[in-house]
Amino acid sequence: MDIILIAVIALLGLALVFGLLLGFASVRFRVEGNPLVDQIDGILPQTQCGQCGYPGCRPYAEAISEGDAINKCPPGGQSTVEALADLLDVEAIPLEGGVEEEPVKKVAYIREDECIGCTKCIQACPVDAILGAAKQMHTVIESECTGCDLCVEPCPVDCIDMLPIETTLNTWKWDMPKPGVDLIVTDLRGELKQGDAA
Amino acid sequence: MSTQFSFHGGVHPPENKRQSTGGPIQIAPIPEQLSVPLSQHIGAPSDVVVAVGDRVLKGQVIAEAVGRISVNVHAPSSGVVEAIEARPVPHSSGMTAPSIVIRTDGEDEWVEHSGLEDFRAIPKQELIDFIRHHGISGMGGAGFPTDVKLHLGDDHIVNTLILNAMECEPYITADDMLLREHAEQVVKGIEVIAHLLQPHHVMIGIEDNKPQAIRALELATEQSKLNLDIVVVPTVYPSGGEKQLIKLLTGVEVPSGHIPADVGIVCQNVGTASAIYDAVYNGIPLISRIVTLTGDALGHPHNMRALIGTPLQTLLQSAQLREKDLYRLVIGGPMMGFTVDSQSIPLIKTTNCVIAATYNEMPPAPPANPCIRCGMCEQVCPAELLPQQLHWFAKGKEFEKAKHHNLFDCIECGACSYVCPSNIPLVQYYRFAKAEIRNEEAEQRKADHARQRFEARQARLEQEKLEKELRRKQRAEEAAKAQAVKKDKAVQNSEKAESSGEPDLKSLKTASAVARTKLKKAQKALQLAEDKGVGDIDKLRQTVTELEAKERAAQEAYDQAQSAPAEQPVVDIQQLKTNAAVARTKLKQAEKALAKAKESGEGDLEALRAKLAEQKAKTEAAQAAYDQAESGGAPQADVNAVNLDELKASMETALGKVDKAQKALDAAVASGSPAVEKMKAGVEKLQGKYKEAKAEYENAQSAPASAPVMSAETLAELKADMEAIQGKVEKAQKALDAAVSSGSPAVEKMKAGVEKLQGKYKEAKAEYENAQSAPASAPVVSAETLAELKSDMEAMQGKVEKAQKALDAATASGSPAADKMKAGVEKLQGKYNELKQAFLEAGGQLPAAQPDAAPVDPKTLKQTVSIVRTKLKKAQAALDGAADDVELQTEVQRLTQAHEVAKKALDTYESEQNDKAAAEGIDLKQLKIDAAMARAAVTKAERALSKAREAEQDDLPEIEQQLLAAQLEAENLNQTLSRFTD
Ligand code: SF4
Ligand code: SF4
Ligand code: SF4
Ligand code: SF4
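The listed protein sequences derive, respectively, from chains A and B. Just so you know, the working numbering puts 1242 at position 136 of the first sequence, and the rest follows in order with no gaps. Just so you know, the working numbering puts 794 at position 800 of the second sequence, and the rest follows in order with no gaps.
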């Protein structure tokens, strides 16, 4: 009997200790916020354009976490849909409104001599990428512009253009090779020694 | 010779080096035009410091370094800057980049330049800057600015300096030729580097296929004091890769994601060492380099020292290019180089080889076949990767996985492609995958940045909103406080006024019952005195002769009191007790007066006139009121009861009553009462007086007295009241005197009460005189409130004028003018509300803070909207008639816009008001509805009342009571509403 009692007490003691430990851990290491929303938000392109029907990417992320469709972000393109499908372990569905070719990155450009300094675009810009003051010429800080398009509509004199971002030497990138072209290798006239592991 | 190590993998492609080592390095001709790209190195492009048309000398700085990782660019030869524009550059993309184009003058005139006398004598930093300013950047590979590497000694312990003389790629012999001819220069350059980095050990790694270079090096290093080893390693591609070289020479493996300096090793190219020598010893910037010109399409493949910016064309021509044989022009080696399309591409600092290949030499790659998983690629990979897996991932765009398979350790050596039996362009896949991943990362960074900015903006907006809300609340609180303060002050004022001897308010308020009792007692005492008359008077005469006069006065007062009903003074005192009660009573009286005027007609008027004539000090109105009071004691008492219950009713209520009194007057006018004539005269006469009276009432919160402002009759009544009070006070005094003289036990109490009353009485009298017969409450006026009174009076003036006008109009047009009168009074009502509001907000002290100060006038707004709308409609109608009238069209457009603007302004204003109201927990819409309903109830009650009067019903007082209640309710609601709609 003693042995059983000891065993029971020991187990109860252990249960208590671990219970306390777990309880403490759940308080001490509590995760703030909703990690899923953060993850989804991390995938969305942060253009903050509202084309998804939400006032920015995070609200859409929240909506997705609550079960909204994952194919509503045109700036993200199909790759975002796929990344989301991956994350949420759901079927990747085609982008709403048909698949656009990889969306062209654009940046707003203010034709400065036409700008009347109404500050309307500043108010529209979700990322404060426009610089200017009332009755002063405004300009877009190119590196901050997400190309969301939101400043174009409010401009009363239509002086904002969305220009595709030009590729520079620094942003140029290799394409997927097309089979059968371009690789520079020495001709095959010489003896071809293969794979000597020196 | 140190121990030999080896690295994994590697291939042995045909060397093809012999072609270009046949002759010595030749000096390339100076081309007519030099195109010097601003960015020949990794990092920020340099900043142009010359302008088009400038003459530049050889070695002159034409672009300056920008930022940390950047070097100067120098003019390779003397000439004139012809253009600064985008020109083709040697890059796999075939794109253009900003370049400085110099038209050479052939003189090759040097700018003043000199080397350092003793580089060891100057601080290291200066030496490094010197090197940097001479444009030295890596001469093989990516062209990393050399000075950055020379700084590595600062934060890393550099044990080993490795000089890379491997030149493992086929075809290229530039370093080989450099060492053969200028080994001493290279060694001197190495000494400079070693001086800066202070390594324990210097190693020169060189492949065993360059015996002449090795010999030259050995000769050159014989005298060197450096701990220097020349390490000859077997030829295998790609032994020249930095990490491979390190592995080969030291056996140390540089961990993935680290630079060699992390393991205490720094690598430099021998070409760079030579350039450093040139700079430090001779002051010659990096404006030329040795380049291998080779390939089967060249008749004379050899090495050349060519100026940076020289078009390939010039070089190829000097190497006797056979155009027709040229199939492919490659910059760099056959393994890692890239094809270029144009011969106008210039030579840059990193161009070590140009291959003009024939078709046979470099045939197009055969079509790729599927991977057969032979594993040969894996065996040759010097980075020990799994090329087939990487290929797989890259092809399937599974970049994450590719990254996990250390894609970024791939040095793109091409060994795997070289051996692949399926001819898969593996390197291209890796480049693609790398570019994609880098791009994704860049986008991710940008997205994070955008997110931060977005969130920062949101937070800012939120903050602004909060602050706005806070400010709004503060304002509301302040307003409330001001209101409270104002009320306090008003109370204080009234108290002050009372304590300063005002009979109407405090004493009577606080001790109404006592006063009544006293008065009754006084009256009784008076009666007693009268009864006992002679005896008392005799006694008094015996003691004091003065008392006689008083007794007579008392007697006179008694006589007067006899002619007036006993209740009258009681009623009046009660009125004085409560501010609101006064106003209410007056309203009641006004209504009564109206009813009376209606009922009794001219007879009353005549009597009034007679009294007026008789009593200069009293008005005919007062007389009428007096008459009324005589006959209407009982209902007045009722009203007083009601008033007592509603003691709290504020000035606003009183004002509302005034409005009603005005209405009553209007009604009187409308009903064609003969009293109109008299009323008119009264109003004219009393205008000034009632203005003052009104203001005073407001200040003292006994504002109800302002009722007379509207109606001559009410005013007259007011005056009558005043007089009556005066009379009562006098009587009370006399009663007191009598009591004193008669030795009544109540004398003490009465004295205290009457003393106060006396002071008040005096003031009341003075005020009365001042106002030429102003109502009793007028004396409330005090010096402090005079300023206020003025402003209030001014406000009132407008109202009075309007009332006057309305009255005039009604009078002129007789009874049918009732409608007009109503409209006028409604306006007046609005004004009243405004004044009330102002008064409330100003705390009774700051009349300046009137709602007129409100930025938007809703009425004007509404008007604007409707005006513009009307105009717009008209214009549209006109346009419909004449569709192609351009002017009209523009007009319509303009109006549409104007209408929209006005509408928006109105909407904004309305919503603002709604918000304001909502913020205080009031639903403006509901309020409006309630107010309208209350108004309707008032109208109904009024109608019922007039009907009852006509029918002479018995329940008249009851209906009047109802009307009163309804009016009060409507007034309250209106007032609340006015706070938001004014
Ligand atoms: S549609 Fe625009 S706002 Fe919505 S998630 Fe995509 S980028 Fe963000
Ligand atoms: S500048 Fe215009 S396009 Fe660019 S982020 Fe701002 S609103 Fe969007
Ligand atoms: S190209 Fe990359 S994967 Fe292929 S052999 Fe070289 S290092 Fe290895
Ligand atoms: S060498 Fe080519 S075929 Fe063989 S495993 Fe590698 S990629 Fe596949």
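For every residue, glycine included, the Cβ atom is placed at its ideal position computed from N, Cα and C. Treat the numbers as computed from the prediction; the structure is a model and nothing was measured.
From the DSSP output, which residues share a beta bridge with residue i?
i	result
B/N263	B/N158
B/Y231	B/V5
B/M133	None, per the DSSP bridge assignment.
B/M197	B/I156 and B/D223
B/E58	B/D41
B/R322	B/A351
B/R283	B/A300
B/W104	B/K52
Taking residue i as the query, report the chain A residues whose CB atoms sit under 7 Å from its CB, ordered along the chain.
i	result
B/H85	L1275
B/A429	K1279 and W1280
B/N433	K1279
B/A441	P1151 and Q1152
Count the other CB atoms, across all protein chains shown, that sit within 10 Å of the CB of residue i; report buried if there are 16 or more and exposed otherwise.
i	result
B/N297	buried
B/T15	buried
A/T1273	exposed
B/A177	buried
B/D335	exposed
B/M927	exposed
B/S250	exposed
B/E355	buried
B/Q630	For B/Q630, the predicted structure reports a pLDDT of 41, less than 50, and the residue's modelled location is therefore unreliable. A value from the coordinates is still provided. Result: buried.
B/I94	buried
B/V67	buried
B/L144	buried
B/G4	buried
B/T977	In the structure as shown, chain B starts at -5 and stops at 976, and residue 977 of chain B therefore has no counterpart that could be examined.
A/I1271	exposed
B/E236	buried
B/T167	buried
A/V1314	As displayed, chain A neither begins before 1107 nor continues past 1304, which places residue 1314 of chain A out of reach and without an answer.
A/L1128	exposed
B/E463	exposed
B/R1033	Past the boundaries of the shown model lies residue 1033 of chain B; chain B is included only from -5 to 976, so the question cannot be answered.
A/P1161	exposed
B/V794	In this prediction, B/V794 has a pLDDT of 47, which is less than 50 and means its spatial position is unreliable; nothing more can be read from the coordinates.
B/A706	Any reading at B/A706 must be qualified, since the residue scores a pLDDT of 46, below 50, and its modelled position is unreliable; the value itself is stated next. Label assigned to B/A706: buried.
Just confirm the distance between the C-beta atoms of residue i and residue j, as a whole number of angstroms; I'd bet it's less than 8 Å.
i	j	result
B/P232	B/C347	That belief does not hold up - the Cβ atoms of B/P232 and B/C347 are roughly 15 Å apart, past 8 Å.
B/P376	B/I405	7 Å
B/I342	B/G53	B/I342 to B/G53, Cβ: 17 Å. No contact.
B/D290	B/D319	7 Å
A/A1198	A/V1187	6 Å
B/A201	B/M160	Ala is not the amino acid found at residue 201 of chain B; the sequence shown has Glu there. The Cβ separation is near 5 Å, so the contact holds.
B/D148	B/K204	Not confirmed; about 34 Å, so no contact.
For a contact defined as C-beta to C-beta under 7 Å, what are the partners of residue i on chain B?
i	result
A/V1233	A444, R447, F448 and R451
A/T1252	A444
A/G1162	F448
A/P1283	P419, Q422, Y423 and F426
For residue i, return the contacting residues in chain A, with the cut-off set at a CB-CB distance below 9 Å.
i	result
B/M89	T1273, T1274, L1275 and W1278
TODO: Closer than 7 Å is what we want: which residues have a beta carbon that near any heavy atom of ligand 1? List them in chain order.
DONE: Taking every residue with its beta carbon within less than 7 Å of a heavy atom belonging to ligand 1 gives, in chain order, A/L1150, A/P1151, A/Q1152, A/T1153, A/Q1154, A/C1155, A/G1156, A/Q1157, A/C1158, A/Y1160, A/G1162, A/C1163, A/Y1166, A/K1178, A/C1179, A/P1180, A/P1181, A/G1182 and A/C1254.
Open item on the list: Please enumerate, following chain order, all residues with a beta carbon closer than 7 Å to at least one heavy atom belonging to ligand 4.
Closed with: Answer in sequence order: B/C365, B/I366, B/R367, B/C368, B/G369, B/M370, B/C371, B/E372, B/P381, B/Q382, B/H385, B/C410, B/V413, B/C414, B/P415, B/S416, B/I418 and B/L420.
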